[in-house]
Each structure stands twice: as structure tokens, then as C-alpha cells.
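K.L.:
In our numbering, the protein residues as written are 18 to 386. In this text, a Cβ means the ideal position worked out from N, Cα and C, and glycines have one as well.
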Amino acid sequence: MSVSKEKQFKVAVLAGDGIGPEVMVEALRVLAAVAVKFSIPYQLREERVGGSAIDVDGVALPDQTLQTCKESDAILFGSVGGPKWESLPPNQQPERAALLALRKTFALYANLRPAVCLPELTHASPVRESIVQGGFDVIFVRELTGGLYFGEPKYMKHESGEWFAVDTMIYWESEIERIAHVAFQTAMKRNRHVTSIDKANVLQNGILWRQTVDRVAHEYPEVKLRHLYVDNAAMQLIRNPKGFDVILAENLFGDILSDELAMIAGSLGMLPSASLGISKGNGRYFGMYEPSGGTAPDIAGLGIANPIAQVLSAAMMLRYSAGREDAASAIEAAVQRVIRSGLRTKDIHTEGTQLVGTTEMGKAISGAL
Ligand code: IPM
Ligand code: MG
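#1: Should Tyr283 go down as buried or exposed, given a rule of 16 or more other Cβ atoms within 10 Å for buried?
#2: With respect to 7 Å, is the separation between the Cβ of Glu112 and the closest non-hydrogen atom of ligand 1 below this value?
#3: Our contact map puts Glu271 next to Glu160 with C-beta atoms below 8 Å; I'd like the distance itself, whole angstroms only.
#4: Using C-beta distances below 7 Å, list every residue in its chain close to Ala52, excluding the 5 sequence neighbours before and after it, in chain order.
#5: Buried or exposed: Trp189, going by 16 or more other Cβ atoms within 10 Å of its Cβ?
#6: Is the segment 125-132 close to the segment 211-228, with three or more CB pairs under 8 Å?
#7: Give every residue of the same chain whose Cβ lies closer than 7 Å to the Cβ of Ser383, excluding the five residues on either side of it in the sequence, and list them in chain order.
#8: Please report how far the alpha carbon of Leu88 lies from the alpha carbon of Val144, in whole angstroms.
#9: Going by CA-CA distance only, name the one from Thr203, Val76, Ile365 and Ala91 that's closest to Ala114.
#10: Specify the secondary structure class of Thr212 as computed by DSSP and reduced to three states.
#11: Classify Ile36 as helix, strand or coil using the three-state DSSP reduction.
#12: Classify Pro100 as buried or exposed, calling it buried when 16 or more other Cβ atoms lie within 10 Å of its own Cβ.
#13: Measure the C-alpha to C-alpha separation of Pro258 and Leu372 and round it to an integer number of angstroms.
#14: By DSSP, does Val51 sit in helix, in strand, or in coil?
#15: Specify, as a first and last residue, the run of the alpha helix (DSSP H) that Asp72 falls within.
#16: Short of 6 Å in beta carbon distance, which residues of its chain neighbour Gly379, apart from the five on each side in sequence? Order them along the chain.
#17: What do you reckon, is the C-beta of Asp276 under 7 Å from a heavy atom of ligand 2?
#18: Would DSSP call Pro106 helix, strand or coil?
#19: Mapping the DSSP letters down to three states, classify Val20 as helix, strand or coil.
#20: Leu254 and Pro289: beta carbons closer than 8 Å?
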């Protein structure tokens with residue numbers, strides 16, 4: 018059977034800096050295996066991004082990289098940044114010039130960040146065993162293209178002998194509505210419970226957020242909704258992470274709280290993420306898929322990084338951009354089997370389990386498929 022080129026699922030592969038390239042190799046290994054198993058024709062185009070692009074092309078997001086992304090169905094992203102580029106002017110740094118630019122260019126407003134703590138890995142959590150016993154499965158739905166990150170005006174100015182800085186928090190009702198729909202629809206496929214985060218006791222943005230989420234909630238009568246102030250949410254997450262299902266938050270609150278819960282879950286090296294744009298109508302989205310963790314420059318090149326976050330990001334890509342739930346769940350099941358069999362990278366290793374490197378872990382997962 019021959020497949021026309023148009024039917025190929027096109028992936029822009031942007032491995033980036035730090036551990037990005039080494040964990041990407043393993044994600045591509047697993048992708049290749051699952052593509053054979055489920056007969057998914059796909060095409061990869063690898064491009065430079067981040068600090069490694071600055072070194073070669075002078076900018077963090079070269080035109081060619083952007084062009085390839087535009088010609089693709091999805092972006093599989095590694096991670097960008099590192100000490101080498103931290104002294105550049107802020108708007109040239111990899112995080113802003115590549116990551117935030119890609120989010121904005123492709124209007125990737127919906128950031129899905131699963132925070133899963135597997136029952137086998139509760140020991141890796143820094144919180145008491147009694148709190149995480151049995152593991153937990155929560156997902157953040159973070160608004161990604163609005164709020165303080167992108168609001169205008171945004172500047173720094175010198176006046177009356179000192180500097181001052183302005184960032185603008187602005188949300189339009191329509192922006193809150195569309196992300197709320199994502200949260201409620203996500204909840205409908207899970208335990209039907211949404212916790213919405215705001216600061217309605219202080220911010221006008223919080224009042225509008227709460228009102229709008231309440232209104233959208235009427236369309237989902239089966240979903241239970243509760244509102245939490247962001248400071249209280251920070252406490253409740255550590256007191257009882259199992260009490261959450263779907264967490265809906267604006268950009269900055271979601272940034273902060275999703276890191277908190279990732280840490281409670283045990284390993285940043287296990288957690289993927291998806292950043293989605295408007296649906297293409299067939300249940301598929303253009304999306305960017307990346308590990309929740311960063312470049313981990315301290316362990317880059319040592320072959321010890323956990324590739325699971327990158328592998329699971331590829332699974333999310335198959336689910337949301339290729340419409341292949343079957344292949345996505347197969348990867349997730351393979352990861353769980355490998356964990357159950359006792360294989361562990363350094364970040365999640367304990368006595369009685371088998372310590373492996375990045376490559377061995379990737380091979381084990383593709384083998385388990
Ligand atoms: C994230 C990161 C980014 C963010 C940084 C690198 C700009 O922390 O994806 O959570 O703040 O969104
Ligand atoms: Mg963050």
C-alpha cells in the first residue's frame with residue numbers, strides 16, 4: 018500500500034539545548050517504533066532552536082526553523098536556554114525569543130500539563146508518603162497567550178532618578194471562555210471536577226475570570242466546579258494533591274502552580290506538556306509538545322537524563338495533532354510497564370530498582386511497545 022505524501026504526519030523536531038538533544042533521540046526512537054506498529058506515515062524535519070541556534074545563526078528562532086514549523090502539523094520541542102545565553106538582552110534570550118515567540122506566533126493558547134505521580138514512584142516526591150500514597154493524576158489547563166506575559170504596555174523607564182517597570186495584566190472574556198471550555202471538556206473525559214484559580218479578592222482580572230468561568234460552567238452541568246484563590250490553591254496542592262482533577266488557571270498562576278505540583282509529583286523528568294491552538298475541526302490541533310522540565314545544564318551530555326517526559330510529549334502529540342489515541346495510549350502503557358519492571362533513571366532511582374541511562378530507558382520503552 019502506498020501512502021501519498023500529503024497524508025504524512027509532518028513533525029518539526031526542535032531539540033534545542035542542554036539535555037534536549039539526548040532525550041529527543043529517545044522520543045524519536047519510540048515514535049519510530051509506534052509508527053511501525055500502528056502504520057502511521059510520518060515525516061520529521063529537524064531544525065535548530067534556542068541557544069544552539071544563537072551560536073550558529075545569531076538568533077534563537079531562525080527563519081528557516083519558523084518556516085518548517087509553519088509547514089508542519091506539530092512541533093516536537095526539547096528545551097531551550099542555559100547559563101551561556103543568560104547575559105544576553107532579555108528579548109534575545111532563548112526562552113523569550115524562541116519559546117514565547119512560538120506560543121504567540123501559533124496562538125497556542127491552551128497549555129495542558131499532566132501532573133501524574135505513579136504509585137510506584139511516590140518515594141520520589143518530597144512530601145510525606147501519607148499525602149501521596151497510591152499516587153495521583155491531575156492535569157493543569159493553563160492559559161498560555163494572555164495575561165502578564167504578553168499584555169501591553171510592557172516596558173521599563175527611567176524617571177525622577179529611578180527606574181520603574183510596567184507589565185499589564187489583561188484578559189478578554191473570549192480568552193477566558195475558550196480556555197474554560199478546554200478545561201471543562203478535559204474534565205468530561207476524566208473525573209468531572211474543575212478547580213478554577215484566580216485572585217478575585219484583589220484583581221479585576223480575577224473577578225472577570227470567575228464570572229466567565231461560572232457562565233461557561235452552565236454548559237457542563239455534569240462537571241463540578243470550585244473556585245480557589247491562588248494563594249489558597251498553593252496550600253491545598255501540597256496538603257492534598259489527590260483532591261484535584263482538572264486545574265484551570267491563567268498564564269502566570271498556571272506557570273507557578275504547575276511547577277509546584279510537578280515537584281510534588283516527584284520527577285520533572287516524567288512530565289510532558291502540550292500547547293494547543295484552535296482546533297482544526299476534526300478533533301485535531303496544531304500543537305507544540307515539550308517536557309515540563311528545563312534544559313538541566315548540570316547533567317547535559319552525561320547520558321543520565323530521564324527521557325520519559327520527552328517520550329510522553331510525543332504521545333500527547335499523537336493524541337492531539339495526529340488524532341491517534343491508539344498510538345498515544347500504547348506509548349503511555351509502555352512507559353508504565355517499563356516503570357513496573359523496575360527500570361529507573363537516576364532522578365527516580367531507589368534501592369531495589371535497576372539504574373539505567375537515557376538510551377537504555379528509551380530502548381526499553383520502544384521494546385515494550
Ligand atoms: C514554562 C516556562 C516558561 C514560562 C519560561 C521558560 C518562559 O517556565 O513553560 O513554564 O514561564 O512559561
Ligand atoms: Mg514554568
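P.N.:
Working from what's here:
#1: It should be noted that the sequence gives Gly, not Tyr, for residue 283. Sixteen is the threshold: when 16 or more other Cβ atoms of the shown chains lie within 10 Å of the Cβ of Gly283, as they do, the residue is buried.
#2: yes
#3: Checking the displayed sequence, the identity of residue 271 turns out to be Gly instead of Glu. Indeed they touch by this definition, with Cβ atoms about 7 Å apart.
#4: Tyr59
#5: exposed
#6: no
#7: Arg46, Val47 and Ala50
#8: Note on residue identity: the sequence assigns Glu, not Leu, to residue 88. In a straight line, the C-alpha of Glu88 is about 44 Å away from that of Val144.
#9: Val76
#10: strand
#11: coil
#12: exposed
#13: 28 Å
#14: helix
#15: Gly68 to Asp74
#16: Glu43, Arg46 and Pro324
#17: yes
#18: The answer is coil: DSSP assigns Pro106 none of H, G, I, E or B.
#19: Unreliable positioning characterises Val20 in this predicted model, as indicated by a pLDDT of 48, which lies under 50. A coordinate reading is not provided.
#20: The answer is no: Cβ separation not under 8 Å.
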